[in-house]
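Note that the sequence shown covers residues 368 to 1038 in our numbering.
The structure appears below as structure tokens.
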Amino acid sequence: MAQAASQIKKRAIVDTSVEDEKLKKRKIRQAQRQLKKKIDSNASYLRAARAGNLEKALDYLKTGVEINICNQNGLNALHLASKEGHAEVVTQLIKLGANVDAATKKGNTALHIASLAGQVDVVKELVTSGANVNAQSQNGFTPLYMAAQENHQKVVRYLLDHGSTQGIATEDGFTPLAVALQQGHEQVVSLLLENDTKGKVRLPALHIAARKDDTKAVALLLQIDHNADVESKMMVNRTTESGFTPLHIAAHYGNINVATLLLNRGAAVDFKARNDITPLHVASKRGNGNMVKVLLERGGKIDARTKDNQTPLHISSRLGKPDIVLHLLQNGACPDATTSSGYTPLHLAAKEGHRDVTSVLLDQGASPDITTKKGFTPLHVAAKYGKIEVANLLLQRHTAPDAAGKSGLTPLHVAAHYDNQKVALLLLDQGASPHAAAKNGYTPLHIAAKKNQMEIATTLLEYGANTNATTRQGITPLHLASQEGNVDIVTLLLARDATISLGNKSGLTPLHLAAQDDKVNVAEVLVNQGATVDPETKMGYTPLHVACHYGNVKMVNFLLKNQAKINAKTKNGYTPLHQAAQQGHTHIINLLLQHGASPNHVTVNGNTALSIARRLGYISVVDTLKVVTEETQTTLTVTEKHKMNVPETMNEVLDMSDDDGKRCRSYVLIT
């Protein structure tokens, strides 16, 4: 009986669930039908407005369609009616509450759309109804800009008469006048000029005309009825935000006709833009020989200087314009003018690898021996940037291959530093000395060893470079290669009889330096080749002291495995354990203790490793050492601040820069 009741109950639940599901589906279908009907109504409403069917559009509004409803592009009924010129529909929609300044997804209002389409009656209705005449779209377009672009003169005139500002520019910097000039709409240009009482928009328009080589537009823009001479000269030299005049623009684009017209109307031939760039600098950069000729004939200063003292000759040399370079030199340009960093045009041509320009400069008397502020000749610069053709030409013209810079660096030093193998080989073949030493004693081999330049190092050795050459501090190439971890160079130098355990003036050996920077791979090569494991510096530091000081666990392990003296003492009585305790290296201390380091050794000042750690506050070190240190041992009580004991180190810096860190400025022409 109970079972039957349970089954009846289950069937009832199932029936209810089925009914609920059916009801739910009916509601969904009903909602979908309603949504489709609404969408259809919205679309039909927008189509009616676009077609100018006012009666049908009003009928849809009466059924509840929202007046400002948009399509997927953000266009509403007012936009669509405005585009098609349905003034009556526009009027009624506005009366019924349509938003006159509603914008599409691209930011266009109905007034933008009507202006673009040239619908003057709609434009009038919109403006009368309060539309913003200076509204800007996402790209900065105004209704006036759109009308000017499409040559809709009536719309342009109406907008100007009703407050449109023609000085508003797009995000690209174009004004209505600029776009009208660009499109060649002469009547719109005249209309805009007539209404430009303040002269604010002529500046960009004149630059645009100069860029297009449009002499007719330039003449039109410069034509002013009253006070013509004064006003024209003022306007012809007005500038962009970067300080460029229309003449700069004409020079950039090589527009001779406009340049001549501008000069005839008073353009300043040597007007300085930002960074003191003149039109002649611009023309020289672009390589326009005719423009350079015109500017020089009209009085352009041939050696005009930018803020970093570049002349037009510097610019044309850097950019590889041999014809311009020759023309400038033949007209009196100084071949050896220097920039703020001491660069001559020849330096710049060498830097960029312009062999043809280099040849012209040398033929016209440019000196190959002038140095930059850092003492670099053009040959140094060619060596730095790997410009082998220029380097070869300079050497053929009897440039000294071993010319020394401010720090005593030769071109071969520079080629070695920057791994320019071909230039290095060329220099050696032309007599450059592989033994040349900079003021600090560095030879090219020192640099190649430090920079891990294997090919150059091999070449230098083949040309007789001394493997044991020492700097003023007693450093050999092997020291530098060991410090940098350049194991292949280390192997090469040892194979060429480098002294393996030679100490510098402080007593640092290659193994000390490998230990300092944890270069275990180098240490292995050195020890395998017979290096002493426990050489001492003048202060008594061994490589193990050094490794413990810097916390280099791998190196400590390696040295201990090779029987390094674990309790070796410095002149101050420091053992490796003292050194590790002073630096707080608990892991090193544990390793040393495991290998039998004595915790009870005292320094000259009577300190154990434990007392040093206590004074410096290294809790974990103290906890480790107090277990093994004889506490009953008497040590001196020192209250003053602990004086740190640091191993000798080697951190020489060789300045290889060829200028003051400043790039020769160029210019960016923004129009």
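The beta carbon of each residue, even a glycine, is placed where N, CA and C say it ideally should be.
With burial defined as no fewer than 16 other Cβ atoms inside 10 Å of the residue's Cβ, what is the status of H945: buried or exposed? buried
The alpha helix (DSSP H) enclosing D528, as first and last residue numbers: First-last of the alpha helix (DSSP H) with D528: 520–528.
Quick check on the DSSP output: the alpha helix (DSSP H) that includes P778 runs from which residue to which? 778–784
Measuring CA to CA, which of T953, V900, A782 is closest to K932? The shortest C-alpha to C-alpha distance from K932 to any of T953, V900, A782 is the one to V900.
With which residues is C701 paired in a DSSP beta bridge? DSSP links C701 through a beta bridge to no other residue.
Below 8 Å CB to CB, which residues in the same chain sit around T904 once its five sequence neighbours on both sides are set aside? G870, S873, G874, L875, H879, P1014, E1015
Simplified DSSP state of N443, which is helix, strand or coil: strand
So S449 and V489 are in contact, right, with Cβ under 8 Å, and what is the actual spacing, rounded? About 5 Å separates the two Cβ atoms, so the contact holds.
Bridge partner(s) assigned by DSSP for C915: Beta-bridge pairing links C915 to no other residue.
Could you tell me which of P735, I535, Q520 sits nearest to S557, measuring between CA atoms? Q520
Can you tell me whether V971 is buried or exposed? The criterion is at least 16 other CB atoms within 10 Å of its CB, across all chains shown. V971 should be labelled exposed.
With a CB to CB cut of under 8 Å and the five nearest residues on each side skipped, what residues in its chain are close to L560? Result list for L560: L544, R569, L587, L588, in chain order.
Is the region 745–765 touching the region 712–726, taking contact as three or more C-beta pairs under 8 Å? yes
Measuring straight from C-alpha to C-alpha, what distance separates K928 and E891? Computed Cα separation, rounded: 11 Å.
Between which two residues does the alpha helix (DSSP H) harbouring Y512 extend? 510–516
Specify, as a first and last residue, the run of the alpha helix (DSSP H) that R981 falls within. 976–983
Should Q439 be labelled buried (16 or more other beta-carbon atoms within 10 Å of its own) or exposed? Classification for Q439: exposed.
Report the rounded CA-to-CA distance for A824 versus L761, giving the unit in angstroms. 24 Å
Would you say A773 and K751 are within 9 Å of each other, going by their C-beta atoms? The amino acid at residue 773 is misidentified as Ala; the sequence shows Lys. Not in contact: K773 and K751 (Cβ atoms no closer than 9 Å).
How should L463 be labelled, buried or exposed, when 16 other C-beta atoms within 10 angstroms of its C-beta is the threshold for buried? exposed
Give the C-beta separation of R839 and N807 to the nearest angstrom, bearing in mind that I take them to be a contact with Cβ-Cβ under 8 Å. That belief holds up - the Cβ atoms of R839 and N807 are roughly 5 Å apart, short of 8 Å.
Where the alpha helix (DSSP H) through E492 begins and ends: 487–495
Ends of the alpha helix (DSSP H) at P811? 811–818
Which residue marks the beginning of the alpha helix (DSSP H) containing L425, and which one marks its end? Annotation for L425: the continuous alpha helix (DSSP H) segment containing it runs 421–429.
Between H648, L460, I955, P702, which has its C-alpha nearest K1063's C-alpha? The first residue shown for the chain is 368 and the last is 1038, placing residue 1063 beyond what the model contains.
Applying the 10 Å Cβ sphere with the 16-neighbour rule, what's the burial state of E451? E451 should be labelled buried.
If we ignore side chains and look at the alpha-carbon of each, how far apart do V857 and V923 end up? 21 Å
Looking only at C-alpha atoms, which of N833, V649, I755 sits nearest to R863? Comparing Cα-Cα distances from R863 to each of N833, V649, I755, the minimum goes to N833.
Got a sec, what are the start and stop residues for the alpha helix (DSSP H) Y620 sits in? 613–620
Would A716 and S684 be called neighbours here (beta carbons separated by less than 9 Å)? In contact: A716 and S684 (Cβ atoms closer than 9 Å).
For chain D, check one thing: does any of its Cβ atoms lie closer than 9 Å to the Cβ of K921? In summary, chain D is missing from the structure at hand, where a single protein chain is found.
With 16 as the cutoff for other CB atoms within 10 Å, does G667 come out buried or exposed? buried
For S504, count the other beta carbons within 10 Å of its own beta carbon; 16 or more makes it buried, fewer makes it exposed. Which is it? Label assigned to S504: buried.
Neighbourhood of T1001 by C-beta, 8 Å cutoff - its chain only, sequence neighbours within 5 removed: In this predicted model, T1001 has a pLDDT of only 43, less than 50, meaning its place in the structure is not dependable enough to derive any value.
Do you know whose CA, among S531, Q549, D580, lies nearest D563's CA? S531
Are P646 and L662 close, meaning C-beta to C-beta below 9 Å? It is a contact, given that the beta carbons lie within the stated cut-off.
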